[in-house]
Every structure is written in structure tokens, then in C-alpha cells.
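J.: In my numbering, the protein residues as written are 3 to 286.
Every residue gets a Cβ at the ideal spot worked out from N, C-alpha and C, and that includes glycine.
These numbers were taken from a predicted model, which means no experiment stands behind them.
Attaching a single structure in C-alpha cells format; questions to follow.
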Ligand SMILES: [Zn+2]
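Rendered as C-alpha cells:
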């Protein structure tokens, strides 16, 4: 059985980096928050500010990245930061942004992890867990995502891309902060050169570059430094899934088994889970 306390940051942090979609510099501040507050995103627009609680039912778009929004304001590309929060056991924080998306950094969660760890954490009240007691599953096309009962949080993910550098990859990780930092956080997002060119032609992914993604042409990875892991691709999908599932707001005790899943299916799984009240209980 999982147990533990909630955490927030001991002190605020600030960073400036570019957004993947706008290609503009964005300033981001992460501040401590009260127990049970969850993660809140605040967009500062001159005098105005809009707050959005990060929650599975606030997800408004899942193309390319996970976007959350309410009342006409939205924040995009939240999943890598959310993943880093979850990886470090940070339950409560306020994220202030001067632009419409979370900075992309190096395309992984490793820089967020290093920065958040540098200020340390503050321990708060007891944490609740959602314990999966019966399988919950969603499917779409040839993708599927299932939560199975387990005495811990673990993820098994498989992908299948008809590309010589990717192909079939499968990876299993038992979640712990140590495993997350070593095996998952450094895995970068990836994209295909023809998609990047197509997106940039219509004004999207303007900040996308070899500095923040693994990019593949028809035959190979074109980044000079190569891959950080031979199966970096499937590891990044696990990084994304951890961020996407963290939008539930309550950590899950269960085993995610996902095949060709993505932000959209991960979010549909959470919605199905919440609706199937006979398949889980809260503990802690
Ligand atoms: Zn990602």
C-alpha cells in the first residue's frame, strides 16, 4: 500500500525559456501552495490574470500537447512540468506564466526536476491515493490504455512506429522518485522532420528545434548528440503518461498498461476511471 505526505516547494523558482508553439520567451514562476490546493496555473496578461486549476476535466485540447483551460484562458504543454511535479512528489504549487504555454526546456522533464530539487520541498498533510480495484480500459483506433489493480504505481507502455529508428518498443517502470529521475525524466519528446516543417508552415511548433526534441528524418535521428537511451521514445511516452495521469489530482495506486496511447487516450482513461466508481476507492 502506498502512503505518504503531500509536498509543496520550500521556496519559489523562476525561469525563462521559449515556448514550443509560439517560439517566444516565456517567464515562469513556480510558488508554494497550501495543502490540498493542487496545481494551479495563472496566466499573467498585463493587468489581467486568469487562473486554471490543473484537472483532468479542464483538459481542452490534446493535439501535440495537453492544454488545460477555463473561462477563455488556456495553458498549453503542461504535461512535462506536471510529470516533474508528480515525479518529485509535489502535490501543491502555483505556476505563473507570462505566455500561453509552459516553456519546453530541452523537451524532457530533467531541467524542471533539477530546478525544483534545488529549492527543496516542504512537507504537508497526509496524501490520499486512488486505489484501483478492478480493471478500467479505453480504446481508440489501435491504441488502448488500461488501469489494473496493483500494490504500487507502475507503468507498462508499448509503441509501434514504422520507422527504422523506433519500431516496436516496450518499457516497464515501477514508479519511485529515484526511478523517475534516472529512467524517465531525461527522455525527450520526439517528432518527424516532415511534421515539423508542415507545422511551422502553418505557424505552429515555431519554437521546435533540435535543442528541444529528438527529430527524425525518413531514416534516422538527425540530432548530432544521438539518443539519451536506445528506447528514449517509449520512455518519453511514459513521462507524458505520468503527467497526464497526474491531472487526476490524486495519485493512482494501479498499473497502467498502455499501447500506442497518447495525451487524448490518457485523458479519456481518467474520465472513464472517475465514472467507474465501482473500480476504485480512496485511501489515506
Ligand atoms: Zn511529451
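1) Inspect the beta-carbon positions of residue 147 and residue 94 and report whether they are closer than 8 Å.
2) In chain order, what residues of the same chain have a beta carbon less than 6 Å from the beta carbon of residue 188, not counting five sequence neighbours either side?
3) Which residues have their C-beta within less than 5 Å of a heavy atom of ligand 1, listed in chain order?
4) Quick check on DSSP: helix, strand or coil for residue 165?
5) What separation, rounded to the nearest whole angstrom, lies between the Cα atoms of residue 267 and residue 64?
6) Take residue 138 and list the residues in its own chain whose beta-carbon comes closer than 6 Å to its own, dropping the five residues that flank it on each side.
7) Once DSSP output is grouped into helix, strand and coil, what is the label at residue 150?
8) Count the other CB atoms within 10 Å of the CB of residue 9; is the residue buried (16 or more) or exposed (fewer)?
9) Which of the three DSSP states is assigned to residue 170 in this structure?
10) Do you know how far the Cα of residue 168 is from the Cα of residue 159?
11) Taking only three categories from DSSP, how would you classify residue 272?
12) What span of residues does the beta strand (DSSP E) with residue 131 cover, start to end?
13) Could you have a look at residue 121 and say whether DSSP puts it in helix, strand or coil?
14) Using a Cβ distance threshold of 8 Å, determine whether the stretch 65-77 contacts the stretch 214-233, with at least three qualifying pairs required.
15) When DSSP labels each residue in this structure, what does residue 54 get in the three-state scheme?
16) For residue 67 and residue 207, what's the separation of their Cα atoms in angstroms?
17) Between which two residues does the alpha helix (DSSP H) containing residue 243 stretch?
18) Indicate whether residue 219 and residue 195 have their beta-carbon atoms separated by less than 8 Å.
19) Anyone know if the C-beta pair for residue 177 and residue 238 falls short of 8 Å?
20) Considering only the beta carbon of each residue, do residue 285 and residue 265 sit closer than 8 Å?
T.: This is what the structure gives:
1) Residue 147 sits at position 145 when you count from the first residue of the chain shown. Residue 94 sits at position 92 when you count from the first residue of the chain shown. No; because the gap between Cβ atoms is not below 8 Å, this pair is not in contact.
2) Position 186 of the chain shown, counted from the first residue, corresponds to residue 188. Cβ neighbours of residue 188 within its own chain (closer than 6 Å, five residues either side excluded): 110, 112 and 230.
3) For ligand 1, the selected residues are 191 and 242.
4) Position 163 of the chain shown, counted from the start, is the residue given in the question as residue 165. In the structure shown, residue 165 sits in coil (DSSP, three-state: anything other than H, G, I, E or B).
5) Residue mapping note: residue 267 aligns to position 265 of the chain shown, counting from 1. Residue mapping note: residue 64 aligns to position 62 of the chain shown, counting from 1. Taken atom to atom, the span from the alpha-carbon of residue 267 to that of residue 64 is near 9 Å.
6) The sequence position of residue 138 within the chain shown is 136, counting from 1. The residues are 149, 274, 275, 278 and 281.
7) Within the chain shown, the letter at position 148 stands for residue 150. For residue 150, the three-state secondary structure derived from DSSP is strand.
8) Within the chain shown, the letter at position 7 stands for residue 9. Its Cβ being crowded by 16 or more others within 10 Å, residue 9 is buried.
9) Indexing the chain shown from 1 puts residue 170 at position 168. If DSSP states are grouped into helix, strand and coil, residue 170 belongs with the strands.
10) Residue numbering aside, residue 159 sits at position 157 when the chain shown is read from its first letter. Residue numbering aside, residue 168 sits at position 166 when the chain shown is read from its first letter. When only Cα atoms are considered, residue 159 and residue 168 end up about 14 Å apart.
11) By 1-based counting over the chain shown, the position of residue 272 is 270. In the structure shown, residue 272 falls within a helical segment according to DSSP collapsed to helix, strand and coil.
12) Residue numbering aside, residue 131 sits at position 129 when the chain shown is read from its first letter. 131-134 is the extent of the beta strand (DSSP E) around residue 131.
13) Counting from 1 along the chain shown, the entry for residue 121 is found at position 119. Correct three-state label for residue 121: helix.
14) Counting Cβ pairs under 8 Å, fewer than three are found: no touch.
15) The count along the chain shown starts at 1 and reaches residue 54 at position 52. Residue 54: strand per DSSP, three-state reduction.
16) As a first step, residue 67 is located in the chain shown; it is residue number 65 there, counting from the start. As a first step, residue 207 is located in the chain shown; it is residue number 205 there, counting from the start. Here the C-alpha atom of residue 67 lies approximately 11 Å from the C-alpha atom of residue 207.
17) Numbered from its first residue, the chain shown carries residue 243 at position 241. 234-248 is the span of the alpha helix (DSSP H), which, as asked, contains residue 243.
18) Your numbering for residue 219 matches position 217 in the chain shown. Your numbering for residue 195 matches position 193 in the chain shown. Result yes, Cβ atoms of residue 219 and residue 195 sit closer than 8 Å.
19) Residue numbering aside, residue 177 sits at position 175 when the chain shown is read from its first letter. Residue numbering aside, residue 238 sits at position 236 when the chain shown is read from its first letter. It is not a contact, given that the beta carbons lie outside the stated cut-off.
20) As a position in the chain shown, residue 285 is number 283, starting the count at 1. As a position in the chain shown, residue 265 is number 263, starting the count at 1. No.
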